[in-house]
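Undergrad: Please read through the structure below; I'll follow up with questions.
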Amino acid sequence: MDGKWYTVGKLVNTHGIRGDVKVLPQTDFAEQRFAPGSKLMLVNEENGKNLQVKVTSSRLQKNVYIVKLEGFNNINEIEPYKGWTLKIAESEQGKLEEGEYYYHEIIGCRVVTEEGEELGEITDILSPGANDVWVVKGVGPKKQEILLPVIDDVVLTIQPADKLVTVRLMEGLI
Numbered sequence: 032m033d034g035k036w037y038t039v040g041k042l043v044n045t046h047g048i049r050g051d052v053k054v055l056p057q058t059d060f061a062e063q064r065f066a067p068g069s070k071l072m073l074v075n076e077e078n079g080k081n082l083q084v085k086v087t088s089s090r091l092q093k094n095v096y097i098v099k100l101e102g103f104n105n106i107n108e109i110e111p112y113k114g115w116t117l118k119i120a121e122s123e124q125g126k127l128e129e130g131e132y133y134y135h136e137i138i139g140c141r142v143v144t145e146e147g148e149e150l151g152e153i154t155d156i157l158s159p160g161a162n163d164v165w166v167v168k169g170v171g172p173k174k175q176e177i178l179l180p181v182i183d184d185v186v187l188t189i190q191p192a193d194k195l196v197t198v199r200l201m202e203g204l205i
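In short: position in the sequence shown from 1, add 31, done, that's the numbering used here.
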């Protein structure tokens, strides 16, 4: 596995007896990542083993994708890969529009207010509805979790190269 690879999902279980799998998406472009023809890398995070796979079909079912991988035609062939991570090569990522970012560019960013107060680090991204919400692990003795709505009134600047996000706190956010 040369170059940079980014996690797009986790193979959480088998589905039926024909080799389909349930994939928990961990990407902001799930419909694109699991589209027929997509080339992904199955990776065992514990021992580093990997296997290149190709998606032949997929469909969204509740919060998981039911994915068929080329060459896996029954449950016994795919069962050993339960728990493995699905990754995409950096070269397979599409270019984003101005002001759009990949999850891996946002997670790990420090968050500061426009006054320079350190709030914490972004640890997760939730997509509950109209807008994403960033989960910020707070700093200080309480280390309280802050949920920041990703809207123009709150997020002022994003500097992925510096791993820094500047925000304006609205009434009631903390």
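Ideal Cβ positions, reconstructed from N, Cα and C, are used throughout, including at glycine.
1. Just the Cα atoms here: how many angstroms apart are Lys168 and Glu152?
2. If you measure from the beta carbon of Ile177 to each beta carbon in chain B, is any gap under 7 Å?
3. Under a Cβ-count criterion, where at least 16 other Cβ atoms within 10 Å of its own Cβ denotes burial, should Ser89 be classed as buried or exposed?
4. If you compare alpha carbons, which of Thr116, Leu82, Phe65, Asn105 is closest to Val98?
5. Measuring straight from C-alpha to C-alpha, what distance separates Trp36 and Pro172?
6. Please report the Cβ distance between Thr116 and Glu101, rounded to the nearest whole angstrom; I am assuming they are in contact, meaning their Cβ atoms lie under 8 Å.
7. Suppose you measure from the CA of Asn52 to the CA of Val39; what does that come to, to the nearest Å?
8. Applying the 10 Å Cβ sphere with the 16-neighbour rule, what's the burial state of Pro56?
9. I need the straight-line Cα distance from Leu178 to Leu195, nearest angstrom please.
10. What first and last residue would you give for the alpha helix (DSSP H) that runs through Gln63?
11. Residues in its own chain within less than 7 Å of His46 by CB, not counting five upstream and five downstream?
12. Whole angstroms is fine: what's the gap from Tyr132's alpha carbon to Asp183's?
13. Kindly indicate the opening and closing residues of the alpha helix (DSSP H) around Asn107.
14. Verify the contact flag: Leu100, CB atom, against every heavy atom of the ligand ZN, threshold strictly below 6 Å.
15. State the beta-bridge partners of Ala120 as determined by DSSP.
TA: The answer reads as follows:
1. 5 Å
2. No chain B appears in this structure, which consists of one protein chain only.
3. Buried, since its Cβ has 16 or more Cβ neighbours within 10 Å.
4. Phe65
5. In a straight line, the C-alpha of Trp36 is about 35 Å away from that of Pro172.
6. Incorrect: roughly 18 Å between the Cβ atoms, too far for contact.
7. The sequence given here places Val at residue 52; Asn does not occur at that position. So the alpha carbons of these two residues sit roughly 15 Å apart.
8. buried
9. Rounded to whole angstroms, Leu178 to Leu195 spans 17 Å at the Cα level.
10. Taken as a continuous stretch (DSSP letters only), the alpha helix (DSSP H) holding Gln63 covers 61-64.
11. Val52, Lys53, Ile97
12. 15 Å
13. 106-109
14. For the structure depicted, the ligand ZN is absent and the ligand set is empty, with no information on it obtainable.
15. Trp36
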